[in-house]
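**Student:**
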Amino acid sequence: TTQKQSEIVQVPVAMGNGPSKGYVHSNNDYQLAIEASKELEYLLEKEFNAHGQGLHEKVSSVESAIPVPTVRSIRYVATLRNRLIHDREMRALPDRQKFISKFDDAMVELNILIDKKRLDAGGTHTSDPGCVIS
Numbered sequence: 125t126t127q128k129q130s131e132i133v134q135v136p137v138a139m140g141n142g143p144s145k146g147y148v149h150s151n152n153d154y155q156l157a158i159e160a161s162k163e164l165e166y167l168l169e170k171e172f173n174a175h176g177q178g179l180h181e182k183v184s185s186v187e188s189a190i191p192v193p194t195v196r197s198i199r200y201v202a203t204l205r206n207r208l209i210h211d212r213e214m215r216a217l218p219d220r221q222k223f224i225s226k227f228d229d230a231m232v233e234l235n236i237l238i239d240k241k242r243l244d245a246g247g248t249h250t251s252d253p254g255c256v257i258s
């Protein structure tokens, strides 16, 4: 038998006014899908004032504020999480790397939007900007 290698997905999570990093870490597909969904739901609620019961409803409530490719990535994560939880036949993510990639893409784009929103409001970055030319 081969053992799945544990994967760490590093996500910049916007919290407060300073830089912060959150991690979704699991070699278990169920835990990975649930933790990824929780991170996305948190950002949508806290930073975009999303409402609804699940990730699909939350992203629908703020869809006009988010680029279409990001909405698609979030819906991909939500759909696979739901299938993994509710579909009796589904025992694992069909493409773990694609799931992680879609999650990463969504988190990066959401954090870019959050940074832009804060800068427009005269606030601070959620992540280290590196070199800033003004």
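Using this note's numbering, you'd call the opening residue of the sequence shown number 125 and step up by one each time. Ideal placement from N, C-alpha and C gives every residue a C-beta, glycine not left out.
Between which two residues does the alpha helix (DSSP H) carrying His-210 extend?
**Tutor:** Sequence index remark: in the sequence shown, residue 210 carries index 86 (1-based). 192-210 is the extent of the alpha helix (DSSP H) around His-210.
**Student:** Which residue from Thr-194, Leu-208 and Gly-246 puts its Cα closest to that of Ser-225?
**Tutor:** Position 101 of the sequence shown holds residue 225. Among Thr-194, Leu-208 and Gly-246, the Cα nearest to that of Ser-225 belongs to Thr-194.
**Student:** Could you give the distance in angstroms between the alpha-carbon of Arg-207 and the alpha-carbon of Lys-240?
**Tutor:** Walking along the sequence shown from the start, residue 207 turns up at place 83. Walking along the sequence shown from the start, residue 240 turns up at place 116. When rounded, the distance between both Cα atoms is 34 Å.
**Student:** Look at the alpha carbon of Gly-178 and the alpha carbon of Arg-196, and state the distance between them as a whole number of angstroms.
**Tutor:** Walking along the sequence shown from the start, residue 178 turns up at place 54. Walking along the sequence shown from the start, residue 196 turns up at place 72. Each residue's alpha carbon lies about 15 Å from the other.
**Student:** From the DSSP output, in three-state form, read off Val-232 for me.
**Tutor:** The residue given as residue 232 occupies position 108 in the sequence shown. In the structure shown, Val-232 sits in a helix (DSSP, three-state: H, G or I).
**Student:** Taking Ala-160 and Val-192 to be in contact with their CB atoms under 8 Å, please state how far apart those CB atoms are, rounded to whole angstroms.
**Tutor:** Working through the sequence shown from its first residue, we reach residue 160 at position 36. Working through the sequence shown from its first residue, we reach residue 192 at position 68. That belief does not hold up - the Cβ atoms of Ala-160 and Val-192 are roughly 20 Å apart, past 8 Å.
**Student:** Count the other CB atoms within 10 Å of the CB of Ala-157; is the residue buried (16 or more) or exposed (fewer)?
**Tutor:** Reading the sequence shown from its first residue, position 33 is the one you call residue 157. Buried, because 16 or more other Cβ atoms sit within 10 Å of the Cβ of Ala-157.
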